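Trainee: Would you mind keeping the following structure in view while I ask a few things?
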Amino acid sequence: MSAFKDFDTTWVMVVDIDKCTGCGACMAACQTENNIAPQPDASNKLRTVSWMTVYELSNKMPFPDHDMAYLPRPCMQCGNPPCVSVCPVIATDKNENGGIVSQIYPRCIGCRYCVAACPYHARVFGWYDPVWPEGMQKTLTPLTSTRPRGVVEKCNFCHHRLNLAKDAARAQGKNPEDLEDGAYKPSCAEICPTGAISFGDAKNAKHKVHELIKSPNAFRLLERLGTKPQVYYYSKREWVRRQGDNYLKSEKV
Amino acid sequence: MGIDRRAFIGLVAGGVAGTLFTPIPWKMADDLSIWSQNWSWIPRVPKGPVAYAYTSSKLCPSGTGLKVMTVGGAPVTAAGNPDHPLSQGGVSSIGRSETYMLYSPARVKSPLKKVNGKFEPVTWEEALTALAEKCKAAGAKIACVSGDQTGTANEVLSAFIAKQGSSAYYMVPSEKQSAAKAWSLMGGAGQPGFDVDNADCVFILGADMFETWGSSIRNRKAFGASRDASGDAKAAFIYAGPERDGTGSVCDAWIPVKPGDLAMVALGVAWILMEAGAMPSGPGAAEFVSYVKSNCSPDKVEAACGLKPAVLVGVAKMLAGAKAPLVVPGSPCGQGGSAAAFMAGMALNMLLGRINKPGGVVALPALPKAVDGAMDQADILKNDLLAFLKDAGAGKAPEAVLFYEANPAYGLPEADAMAEAIAKIPFKVSFASFMDETAALCDLVLPNSLTLERFDDVASPYGVAFNVYSLVKPLTKPIYDTRTTADFILALAEKMGASLGFASMEEVLKAKVEALALAGGFIAKDVQPWQALAGSSAPEPSADLWADLEGGYAWVLAAGAEQTGLGYAGGVLAKAVKPIEGKVVLAPYARQTSGTPVMGIPAQNLTIVPDNELINTATFVKMNAETASWFGVSEGSSITIEGAGQKLPVKVHLSENVMTGVIAAPLGFGHSAFDQYSKGKGVNILRVLAARVEEGAGVAVWDGAAVNIA
Amino acid sequence: MGFVEMEKDWYPEGAERCSLGKFILWLAFLGLFFLWGLYAAVIILWKGLGVTGLDNYFGFGLWITFDLAVIALGAGAFFTGLLRYIIRIDELQNIINLSVIKGFICYSGAMLVLTLDIGQPIRAWFGYWHPNVHSMLTEVIFCITCYLTVLIIEFIPLVLEQKQIYKIPFLHNLAHNMHVVMPLFAGIGAFLSTFHQGSLGGMYGVMFARPYAFREGFFIWPWTFFLFVLSAISSGPCLTVLIAGFIEKLSGRKMTTYRIKSLMAKIGGSMLLLYMVFKYMDTWAWINGILPKAGLTFDQMFYGMVYGKWLFFTELVLCIPVPVIFLLTPLRRKPVFMYLGAILACAGVVINRYVFTVQSLAQPVLPFTKWEIYAPNWAEWAPSFMILAYGFIIMSLSYRYLPIFPQEKKLNK
Amino acid sequence: MEKKSGKAGGVGGFILLFLVGLVGSLIVGWVVFPSLLFSQKTQPIRFSHTVHAEQGMECEQCHYLTEDGQFMGLPSTESCADCHPDETGEDTPNGKEIDKFVNEYGKTGAQVPWLVYQYQPDNVFFSHSAHQGFQCTDSGCHPPVETMDAPPVYEENRITGYSKQTMKMWQCERCHAQMGTSNACYVCHK
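Here the protein sequences line up with chains A, B, C and D, keeping their order.
If you read the first sequence in the working numbering, its first letter stands for residue 20, the second for the next number, and so on.
If you read the second sequence in the working numbering, its first letter stands for residue 1358, the second for the next number, and so on.
If you read the third sequence in the working numbering, its first letter stands for residue 1408, the second for the next number, and so on.
If you read the fourth sequence in the working numbering, its first letter stands for residue 156, the second for the next number, and so on.
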């Protein structure tokens, strides 16, 4: 296990679970932003290409004591990513300021070791060549390259938007390494109808997320495994927070 | 010269050794791996300048403003326009689909005429001539069915049939129509709106307001704004409905209520408020008081709906204790809502004194019309499509029917009967953009251009507490041989010698905007309409309204219609409140992921549809473990739902989100038309859903129905 | 001289073999499986891995299990080589050839399957050109390919010793010289092989976010590194014994003395005993350390029938202590116990590789996810059978034409 | 069975033919192969940078950065048509070329399918605004077209489909390393 650098900028996402209605707009935004092909048979959720997946959480109580929540899961961009050190060909790395875990499709050989190593199921493999219906490829964005089959892909916090935000900052004579709050936002965060997804630099006191992640209601998934995710969740409900990690019966959240 | 084996081996060995010292193997290995990132059958991404253009979504019923990314001028993705009050950057998966649906395989690519049961392409000229003849022949025996709930195109179409002497203009049933009917029964004026932004306690009576009810993106934005993670919630939300779905899941409390019991629950709350001193007044108040007093005490509600009195007391306390309480009645499935529930909910609002108050109910005055001879919205909404089609099924169909943005052969209750009725119409024309179930039955299909290809508008979607108007303008030339229907109708009227006075939809819209400018209002930029409702002073009217609208901004008018005859309609309520009899109630629900009846399932959305709703061709219905035990079924069991004389095979998903005695079933599946993304995906629950007519109100309701399970 | 007669000239000195017709029938039978697998392989390369039963939960499946199992079982080659050439247990020369061929088959077969298993085979060479030194898989790629080269070098003299080829002076000398340097290759082989056997285990042990597989370790190597080495060198010799026994059974001829097989079995058994000690300690530490630290319990590691505890107990009780008893006590003198012990030892390793590959991925780490079932489909089975058929074909040809068993002539007089 | 016959047999033959094979393959590999690997294409319009430069045009008039930092690499047909709205009717080579543009693109509104020597693969994010401090040609990124009357031949790799001039990753990395700029994957990839 190699140790990863602590970056001056740490892009984090904070998802307010108590605000998520599970509408799937984030997934829809992600798919077209990142040129994921439509999938005529998406029944087998273990085979679909989706960088953002909304999970349904249950407090496992019977009606009428039942409660539920939706949990959108992008890539956690772990501070200590289990996927990076395992890659045999350095197709994935965590080496850029901001801490976004990169995935380089032309380098990937498709061994899927990273898929196995990631407990969040954030990484998906291209089982098929992507196919767009006749003409629909004209709505591809220039932001993300298309992937052939046989490589692994995952959410990258719409990293291209970071590059564009930096370009815009340069054009305006601002410091591209010190972006204003909101200058860089992934597509899902931008589009979420309830505004459940916040985004910013955790290390920058001028960014809202800087405070948000300090809340006692904020938590990260599977923190005790040592992955140090850069995605935080927020819920005032104790049972929701408890489902963010595995706990022995005797343990408290 | 002979070469022996050894020499030959020498040649080969030399060749191999030499080759190793040339670029061939190494360059080939490298280039082949580069080739693998560049396969010819994988499309390249476009190059070209990235820019943004603004319009509004017509596919999404919430009427969101769109910020469309273009590359080299071609629309690529649609996001929410942050400067539009109905979207504020948010957009649904339907709004998101506006760009790629341009290329949906289900699109009708040219005008089609049915010849011997098969569609054949025709030119627009031929279509125009053919239709002009048919319309002339039909004369006043022409009707129009429109699914466009917010567009001025309705003015064009209704003026067209009005010139023919017909007033048979029908809207596809929606929350808007259910509300309009119930509201008029109460003597209310204007289109009911709900100021969720300024409310501090919202009791949602059935309405799936964060998914399908009203301008749902606006609702969600208001909800989101009320609960900033860094502070306490600024408003409480209570959801009453059969299932704790998307809306219920984020509310502070869920009160399980069957579709037919929503009115009873609201009246139970009213009983408690009245006990505490609230006094109804106005027309119908006396009947209301006597009915509620004698029929809706908490113990009676408990007997009827199984709700503990404490629950009702809790709701009443929250509402009474709030500064700006609001009750939002609606249908859990976005259509066929109960008039009784609406009236009961509105009665609560009245009891709480919430009419024409910030954070209360604000009914919107009608906007000025642009087209002379167009029918009034209010009049159109009185026409009942269900009754019309039932008549048509009974042989009383008009000569010709135009279907605009409407797919009644799929999207109405008892869908099979509706499709049969439509088939009996002698001549039918669909202006569908996609080959939907209704278009497939039509004699002529004249494809409407899609949102990004046409001039259109969005005026005050149902539910918003302020009049709002935004423009839809073409961002690209039509991809296929399609035309804006309104343009075509204007040309048709012209050809038939009954000109409507406009040459194009653009002209109509310019006239509309001119009329709006005279009505006052302002551009929502620095001041938002809900801020104006709450008392902020409205800015000056726009100097160039058309230009501002073209820039993606919305015109708003924050003023409630004066209510002079509003009353409790106690007499109607007394007759209309009635539970659904039956062991189990089928409670349909709709999600935006499965699209709308006119667009089918957006291609990209199948990935989002969860596997507890659809797997391959199987639709899953949800019930809790107790309900399942009544029928001895478990997760994944195949069952048959019987209703409306039809049987549908479905599978069971156990979910404790659903109240006991209810089977929650997703709408939006089971298309027999469209493309590979919609066709054959699951079953259409509307086929087993029978509409019931609420006595007294005389309104058809299908937010739930008793069904049999086998 | 007819071909049938000529073919007899190719047999090892003093060996009798079944008729050519029978042999061709046997090859044809194997060939069917081979062609089926070849067909699947072409389809997979053409259409991509979508035709398999793998998915995003089970990125690793039958193939990786198969690879890991055959590589472990193929470990007889390097370990026997080590004992024969470095430790100098000379008796083992009577079975070393078989070990080498088995190793060659297992490793080359595994390489073939791996080529299918990666999504972009055309980029396979990136493993060398862009290696990530932190990845256990890089170590595996390097060591396996290098060791396969060693195995080929070890295999070549065997081929050269074929009766007809041996007549060519150049090749004769080459074979001889290669034999001289064989201890060197055995040493290299042992080194490489130990590392990649370990790295294969390390691959799982380092997955720190997969509590089923994760293990603490020594320096950069998780305990699975060492456990995989031990389990490989215990099961490897056992498989060699089984193959020798199988050939004898099939041909009805004695290939090597029972004493040699028994020695191999004893070696395997001894290693298995060693493995047992460490494996039990490791399991204890996993249950009481790794799992509670991750907030998980032992019971949560199992689910239903497919992932039931029976697998755990079969692996750790039936397939370790039982064969240890069979192989290390006088019971070994009875063939039934020796063979049964060897079979159990091999089965244990296969189960071990399976659970580490599949069960560790099936176990839902996120509390709101569930156990998923993995079922390989024909497109995965066919290439696996192709490799088995390939192995049988190579072994059959080698047995028929190469002097694998020095004792054969003497034993069948 | 081995036979000995022929002139080129024996050990001598082996060595001779080994050398033949060696030299032959070296020639094929170093001379023939590189020319086979690339197909040659000419630009749709023989655009003369020198003529435009002589008119006193600055590079930035056509190749400029927008306010949001985007680089408008090539001018659109519309902006070319600003200066070349109509046919010249001239019989000179330049006049003919202008007329070709006007007829085939200016009038139809089609964009000229220029062949761009430096286009990077789709998976590369290259920001011109981040590289504003560098000379376009002197730093070795672009051919010095401003001095060319005819655009150079475009050579396309038959296997990869990329231009021969497409900068390789190591070139980017080398300069980044020299400049002390990050070589993190996502600095340049998308």
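Cβ coordinates follow ideal geometry from the N, Cα and C atoms, glycine included.
Note that the structure is predicted; figures quoted are calculated from it, not measured.
Can you give me the C-alpha to C-alpha distance between A1643 (chain B) and M1566 (chain B), rounded to a whole angstrom?
Mentor: Translated into positions along the second sequence, residue 1643 (chain B) becomes position 286. Translated into positions along the second sequence, residue 1566 (chain B) becomes position 209. Straight-line Cα distance between these residues: approximately 32 Å.
Trainee: Whole-angstrom Cβ separation of V1507 (chain C) and L1565 (chain C), contact assumed at under 8 Å?
Mentor: Along the third sequence, read from residue 1 onward, the residue named residue 1507 (chain C) stands at position 100. Along the third sequence, read from residue 1 onward, the residue named residue 1565 (chain C) stands at position 158. That pair is a contact at about 7 Å.
Trainee: Work out the CA separation of I1366 (chain B) and G161 (chain D) for me, nearest whole Å.
Mentor: Against the fourth sequence, residue 161 (chain D) aligns to sequence position 6. Against the second sequence, residue 1366 (chain B) aligns to sequence position 9. Residue placement at G161 (chain D) is poorly supported in this model, since its pLDDT is 44, which falls under 50; the coordinates still yield a value, given next. Each residue's Cα considered, the two are about 15 Å apart.
Trainee: State yes or no: is the C-beta of V143 (chain A) within less than 9 Å of the C-beta of K113 (chain A)?
Mentor: Your numbering for residue 143 (chain A) matches position 124 in the first sequence. Your numbering for residue 113 (chain A) matches position 94 in the first sequence. The answer is no: Cβ separation not under 9 Å.
Trainee: Should W1987 (chain B) be labelled buried (16 or more other beta-carbon atoms within 10 Å of its own) or exposed?
Mentor: Within the second sequence, the letter at position 630 stands for residue 1987 (chain B). Exposed.
Trainee: What distance in whole Å lies between the Cβ atoms of S1467 (chain B) and A1500 (chain B), which are believed to be in contact at a cut-off of 8 Å?
Mentor: Stepping through the second sequence from its first residue, residue 1500 (chain B) is reached at position 143. Stepping through the second sequence from its first residue, residue 1467 (chain B) is reached at position 110. Actually they are not in contact, since the Cβ atoms of A1500 (chain B) and S1467 (chain B) sit about 25 Å apart, beyond 8 Å.
Trainee: Can you confirm whether C49 (chain A), when its beta carbon is compared against all beta carbons of chain C, has any partner nearer than 9 Å?
Mentor: For the purposes of this step, residue 49 (chain A) is taken as residue 30 along the first sequence, with counting starting at 1. It does not; no Cβ of chain C falls within 9 Å.
Trainee: Quick one: list the residues of chain A neighbouring Q1534 (chain B), beta-carbon separation under 7 Å, in chain order.
Mentor: Position 177 of the second sequence, counted from the first residue, corresponds to residue 1534 (chain B). Chain A residues near Q1534 (chain B): none, gap ~24 Å exceeds 7 Å.
Trainee: From the DSSP output, read off the bridge partner residues of R1840 (chain B).
Mentor: Along the second sequence, one-based indexing puts residue 1840 (chain B) at 483. Per DSSP, B:N1805.
Trainee: In chain order, what residues of the same chain lie with their CB nearer than 7 Å to the CB of N338 (chain D), ignoring the 5 residues before and after it?
Mentor: Numbered from 1 along the fourth sequence, position 183 holds the residue referred to as residue 338 (chain D). So the list reads E328, H331 and A332, once near-sequence residues are dropped.
Trainee: Please state if the CB of T28 (chain A) and the CB of E196 (chain A) are separated by a distance shorter than 9 Å.
Mentor: In the first sequence, residue 196 (chain A) corresponds to position 177, counting from 1. In the first sequence, residue 28 (chain A) corresponds to position 9, counting from 1. Yes, the pair counts as a contact, with Cβ atoms nearer than the cut-off.
Trainee: Where do the ends of the beta strand (DSSP E) carrying H2010 (chain B) lie?
Mentor: By one-based count along the second sequence, residue 2010 (chain B) stands at place 653. Note, H2010 (chain B): beta strand (DSSP E), Q2003 to L2011.
Trainee: Leaving out the 5 sequence neighbours to the left and right, which residues in its chain are closer than 6 Å to G129 (chain A) when beta-carbon positions are compared?
Mentor: Mapped onto the first sequence, residue 129 (chain A) falls at position 110. The residues are G169 and V170.
Trainee: Measure the alpha-carbon distance for S318 (chain D) versus R2044 (chain B) and round it to whole angstroms.
Mentor: Within the fourth sequence, numbered from 1, the residue matching residue 318 (chain D) stands at position 163. Within the second sequence, numbered from 1, the residue matching residue 2044 (chain B) stands at position 687. In a straight line, the C-alpha of S318 (chain D) is about 58 Å away from that of R2044 (chain B).
Trainee: Hey, how far is the Cα of S273 (chain A) from the Cα of S254 (chain A)?
Mentor: In this structure chain A extends from 20 to 272, so residue 273 (chain A) is not present and cannot be described.
Trainee: Whose C-beta lies closer than 6 Å to the C-beta of L229 (chain D) among residues of the same chain, with five residues either side of it excluded?
Mentor: Along the fourth sequence, one-based indexing puts residue 229 (chain D) at 74. Here the set comprises W269.
Trainee: Quick one: list the residues of chain C neighbouring L1389 (chain B), beta-carbon separation under 8 Å, in chain order.
Mentor: By one-based count along the second sequence, residue 1389 (chain B) stands at place 32. Chain C residues near L1389 (chain B): I1529.
Trainee: Which runs of the beta strand (DSSP E) at least 3 residues long sit entirely within the segment 1413-1499 of chain B? Give them in chain order.
Mentor: Entirely contained in the segment 1413-1499 of chain B, the beta strand (DSSP E) runs reaching 3 residues are, in chain order, 1422-1428, 1431-1437, 1469-1472 and 1475-1478.
Trainee: Taking Cβ positions, are T1379 (chain B) and F188 (chain D) nearer each other than 9 Å?
Mentor: Within the second sequence, residue 1379 (chain B) is the residue found at index 22, counting from 1. Within the fourth sequence, residue 188 (chain D) is the residue found at index 33, counting from 1. A contact, by the Cβ cut-off of 9 Å.
Trainee: Distance, Cα to Cα, Q2033 (chain B) vs I1958 (chain B)?
Mentor: For the purposes of this step, residue 2033 (chain B) is taken as the residue at position 676 of the second sequence. For the purposes of this step, residue 1958 (chain B) is taken as the residue at position 601 of the second sequence. About 10 Å.
Trainee: Determine the direct distance from the alpha carbon of V1449 (chain C) to that of I1750 (chain C), and round the result to whole angstroms.
Mentor: As a position in the third sequence, residue 1750 (chain C) is number 343, starting the count at 1. As a position in the third sequence, residue 1449 (chain C) is number 42, starting the count at 1. Cα to Cα, I1750 (chain C) sits roughly 33 Å from V1449 (chain C).
Trainee: Quick check: is any heavy atom of the ligand FAD less than 8 Å from the C-beta of K1753 (chain B)?
Mentor: With respect to small molecules bound, the structure shown includes none, and the ligand FAD cannot be examined in it.
Trainee: Could you give the DSSP three-state label for P1682 (chain B): helix, strand or coil?
Mentor: Along the second sequence, one-based indexing puts residue 1682 (chain B) at 325. Correct three-state label for P1682 (chain B): strand.
Trainee: What does the alpha-carbon distance come out to for the pair V1765 (chain C) and F1635 (chain C)?
Mentor: Reading the third sequence from its first residue, position 358 is the one you call residue 1765 (chain C). Reading the third sequence from its first residue, position 228 is the one you call residue 1635 (chain C). Straight-line Cα distance between these residues: approximately 16 Å.
Trainee: Expressed to the nearest angstrom, what Euclidean distance is found between the alpha-carbon atoms of V1646 (chain B) and A1660 (chain B)?
Mentor: Translated into positions along the second sequence, residue 1646 (chain B) becomes position 289. Translated into positions along the second sequence, residue 1660 (chain B) becomes position 303. Near 20 Å, if we compare the C-alpha coordinates of A1660 (chain B) and V1646 (chain B).
Trainee: For chain A, find out if any of its Cβ atoms is closer than 9 Å to the Cβ of I1500 (chain C); answer yes or no.
Mentor: Indexing the third sequence from 1 puts residue 1500 (chain C) at position 93. A small correction: the amino acid at residue 1500 (chain C) is Gln; Ile does not occupy that position in the sequence shown. Q1500 (chain C) does not count as touching chain A.
Trainee: Let me know if T40 (chain A) comes out buried or exposed under the rule of 16 or more other beta-carbons within 10 Å of its beta-carbon.
Mentor: Taking the first sequence and counting its residues from 1, the one referred to as residue 40 (chain A) is at position 21. Counting Cβ neighbours within 10 Å, T40 (chain A) comes out buried, since at least 16 surround it.
Trainee: Taking just the CA atoms, how far does C137 (chain A) sit from S21 (chain A)?
Mentor: Position 2 of the first sequence, counting from 1, holds the residue named residue 21 (chain A). Position 118 of the first sequence, counting from 1, holds the residue named residue 137 (chain A). Interpretation of S21 (chain A) is limited by its pLDDT of 46, a score under 50 that renders its predicted location unreliable; the figure taken from the coordinates is listed afterwards. Those two C-alpha atoms are separated by around 16 Å.
Trainee: Once you ignore the five residues that flank K159 (chain D) on each side, which residues in its own chain have a CB closer than 6 Å to its CB?
Mentor: Reading the fourth sequence from its first residue, position 4 is the one you call residue 159 (chain D). Low local confidence applies: a pLDDT of 42 at K159 (chain D) is under 50, so the model's placement there is unreliable, with the coordinate-based value given in what follows. Hits under 6 Å: none found.
Trainee: Could you give the first and the last residue of the continuous beta strand (DSSP E) run that contains P1613 (chain B)?
Mentor: As a position in the second sequence, residue 1613 (chain B) is number 256, starting the count at 1. Residues A1610 to P1613.
Trainee: Excluding the five sequence neighbours on either side, which residues of its own chain have a C-beta within less than 8 Å of the C-beta of I1650 (chain C), listed in chain order?
Mentor: Mapped onto the third sequence, residue 1650 (chain C) falls at position 243. L1505, K1509 and M1802.
Trainee: Return the CA-CA distance between A304 (chain D) and K345 (chain D), expressed in angstroms with no decimal places.
Mentor: Locating residue 304 (chain D) in the fourth sequence gives position 149, counting from the first residue. Locating residue 345 (chain D) in the fourth sequence gives position 190, counting from the first residue. The identity of residue 304 (chain D) in the sequence shown is Asp, whereas the question assumes Ala. Approximately 35 Å between the Cα atoms of the pair.
Trainee: Could you tell me the alpha carbon to alpha carbon distance between M334 (chain D) and H1541 (chain C), rounded to whole angstroms?
Mentor: Here the question's residue 334 (chain D) lines up with position 179 in the fourth sequence. Here the question's residue 1541 (chain C) lines up with position 134 in the third sequence. Rounded to whole angstroms, M334 (chain D) to H1541 (chain C) spans 27 Å at the Cα level.
Trainee: For my contact list, I123 (chain A) and F176 (chain A) are in at a C-beta cut-off of 8 Å; report their separation, rounded to the angstrom.
Mentor: In the first sequence, residue 123 (chain A) corresponds to position 104, counting from 1. In the first sequence, residue 176 (chain A) corresponds to position 157, counting from 1. Contact flag wrong, Cβ pair sits at about 15 Å.
Trainee: Quick one, which of B:K1404, B:M1703, B:K1475 and B:E1983 has its alpha-carbon nearest G1544 (chain B)'s?
Mentor: Your numbering for residue 1544 (chain B) matches position 187 in the second sequence. The shortest Cα separation from G1544 (chain B) among B:K1404, B:M1703, B:K1475 and B:E1983 belongs to B:M1703.
Trainee: Around the C-beta of L1377 (chain B), are 16 or more other C-beta atoms found within 10 angstroms, so that it is buried, or is it exposed?
Mentor: By 1-based counting over the second sequence, the position of residue 1377 (chain B) is 20. So L1377 (chain B) ends up on the exposed side.
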